[in-house]
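Beneath this line is the structure, given in structure tokens, with notes to follow.
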Amino acid sequence: MENPGFTVSLMIEVGLRGGAAAVSVLVAVLLLSIRPLRFVTIFGALFLLGAAVYSVVAFDPVHQMLGVWHIPLKLVAILSPGFFWLFIMALFDDAFRFRAWMAAPLVAMSGLYLACIPYPPAQEFSKVTQFIIALSLMGHVIMLTRRSLKDDLVASRRQFTGIVAILVPFVCLAIGIIEVYELLELRDRIGTHAISALMFVVTMGFALGVAGIRKTLLPEASRPARTAVSGHSAADRFDLARLEELMNDGAYLHPGLTIGELAKRMNMPEHRLRRLINQGLGYRNFAAFINDHRIEEAKRRLSEPETAREQITSIAFDLGYSSLAPFNRAFRQRNGMSPSQFREKALAGV
Numbered sequence: 000m001e002n003p004g005f006t007v008s009l010m011i012e013v014g015l016r017g018g019a020a021a022v023s024v025l026v027a028v029l030l031l032s033i034r035p036l037r038f039v040t041i042f043g044a045l046f047l048l049g050a051a052v053y054s055v056v057a058f059d060p061v062h063q064m065l066g067v068w069h070i071p072l073k074l075v076a077i078l079s080p081g082f083f084w085l086f087i088m089a090l091f092d093d094a095f096r097f098r099a100w101m102a103a104p105l106v107a108m109s110g111l112y113l114a115c116i117p118y119p120p121a122q123e124f125s126k127v128t129q130f131i132i133a134l135s136l137m138g139h140v141i142m143l144t145r146r147s148l149k150d151d152l153v154a155s156r157r158q159f160t161g162i163v164a165i166l167v168p169f170v171c172l173a174i175g176i177i178e179v180y181e182l183l184e185l186r187d188r189i190g191t192h193a194i195s196a197l198m199f200v201v202t203m204g205f206a207l208g209v210a211g212i213r214k215t216l217l218p219e220a221s222r223p224a225r226t227a228v229s230g231h232s233a234a235d236r237f238d239l240a241r242l243e244e245l246m247n248d249g250a251y252l253h254p255g256l257t258i259g260e261l262a263k264r265m266n267m268p269e270h271r272l273r274r275l276i277n278q279g280l281g282y283r284n285f286a287a288f289i290n291d292h293r294i295e296e297a298k299r300r301l302s303e304p305e306t307a308r309e310q311i312t313s314i315a316f317d318l319g320y321s322s323l324a325p326f327n328r329a330f331r332q333r334n335g336m337s338p339s340q341f342r343e344k345a346l347a348g349v
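Going letter by letter, the sequence shown gives residues 0 to 349 in numbering that gives the first Met the number 0.
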């Protein structure tokens, strides 16, 4: 006679894993349906597909049924933390560009996993190293979320940042439990259900967060900082005029200026100023708003013959930058050339 306890246990396991997989695939399809495709939607979908694959492949009956085919599927699952990390980087950086070094964690985790196939004794070292890589990526995710909370102007994205702050510890806990169970080859029901429940919580949290921000995943073309303000309420037009006056008076020159400090100078709540800059001027990030003003002032100074001998480092410090590197990066991003090249071109006919 079949053990009723075993049947209930199996139903719980199938329900949790099946639910996690179904939700993951559904949201992955939702992300991939957004046009045009961007890195942020691709990486988010890959993370969810990896989570879905792991939910199914790590279930013993399915694992045994797949045979050697579990190898490529397990690889997709192992790379999930890397795709989650890339998704967060692309989400919080509207000017995100994928660079070769960003593939390093994915390559490392793939190599560690595949090396164990011809040489099984390396499995313990491989799993521990993969665990360290995954935790390092989650640590960087926490750093990115903290930075985003400080500068982000998109309300729904800030709410998602809060979800990520809660989600990351669960991801770390899930990774830790999974690695310990696989290393020690444990198979008790409580531990298995705990892993399944954690996966379900993580995928549901991620799905709810993505559903809330799907309309803000793709940045709209930002309007210039001094656009016409037609269509806004009288109060917003008044506040935008006050904000422009503060900027014209050089508020952006203050080193390390935060949105909280600017809100105090405007005598308004911080959340209201965030909404004003985002909806009134089209900016999604406070740093971009400040940098636009600083770079415009830099272009003016670099174009004047009277300041032709002024050191570029001195200009960067005068504009509120703490070092030359972020100034050069912001300038090149907006003008496609370095400050030195811009000065040479601007003063060529003088």
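All C-beta atoms, glycine included, are put in the ideal place defined by N, C-alpha and C.
Candidates the options, of which the one nearest residue i by Cα
i: A206; options: A315, S8, E12 and T40; result: T40
i: A297; options: R342, A250 and T257; result: R342
i: M378; options: L45, F58, Q278 and W84; result: Nothing in the structure corresponds to residue 378, since the chain is present only between 0 and 349.
i: F199; options: L301, M246, G14 and S8; result: G14
i: M108; options: I131, A262, R96 and A19; result: I131
i: L85; options: I70, A103, W68 and L74; result: A103
i: A44; options: A133, R157 and P80; result: P80
i: V201; options: D238, I162 and D235; result: I162
i: F82; options: D248, G66, A27 and P119; result: A27
i: F95; options: N334, F38 and P120; result: F38
i: I289; options: N247, A210, R308 and F124; result: N247
i: R156; options: G211, A315 and A233; result: G211
i: V67; options: L113, S32, G138 and S337; result: L113
i: L31; options: A234, L346, V209 and R273; result: V209
i: S125; options: M137, L323 and L111; result: L111
Paired residues, beta bridge with residue i - DSSP
i: N284; result: D151
Whole-angstrom C-beta distance between residue j and residue i, which should lie under 8 Å
i: I294; j: S339; result: Not a contact, Cβ separation roughly 14 Å.
i: D238; j: L275; result: 6 Å
i: I70; j: I33; result: Contact doesn't hold; Cβ gap of about 31 Å is too wide.
i: M203; j: V22; result: 6 Å
i: H253; j: G319; result: 6 Å
N-terminal and C-terminal residue of the alpha helix (DSSP H) that residue i is part of
i: T40; result: F38 to V56
i: Y112; result: A103 to A114
i: W84; result: S79 to F91
i: H270; result: E269 to R274
i: I311; result: I311 to D317
i: F97; result: Taken as a continuous stretch (DSSP letters only), F97 belongs to no alpha helix (DSSP H), as it is neither H nor E.
i: P325; result: L323 to N334
i: D238; result: A233 to N247
i: E260; result: I258 to M265
i: Q340; result: P338 to A345
Cβ contact check for the segment 256 to 276 and the segment 144 to 158: 3 or more pairs under 8 Å: Verdict: yes, contact present.
Cβ contact check for the segment 83 to 103 and the segment 139 to 146: 3 or more pairs under 8 Å: In the pairwise beta carbon analysis, the segment 83 to 103 is classified as touching the segment 139 to 146: at least three pairs are separated by under 8 Å.
Inter-stretch contact at 8 Å, needing at least 3 Cβ pairs: the segment 34 to 52 / the segment 63 to 82: Touching, yes, given that three or more Cβ pairs across the two stretches are closer than 8 Å.
Touch test, the segment 297 to 308 against the segment 269 to 285, Cβ-Cβ under 8 Å, three pairs minimum: Too few Cβ pairs lie closer than 8 Å, so no.
Three CB pairs or more closer than 8 Å across the segment 270 to 280 and the segment 227 to 246: Verdict: yes, contact present.
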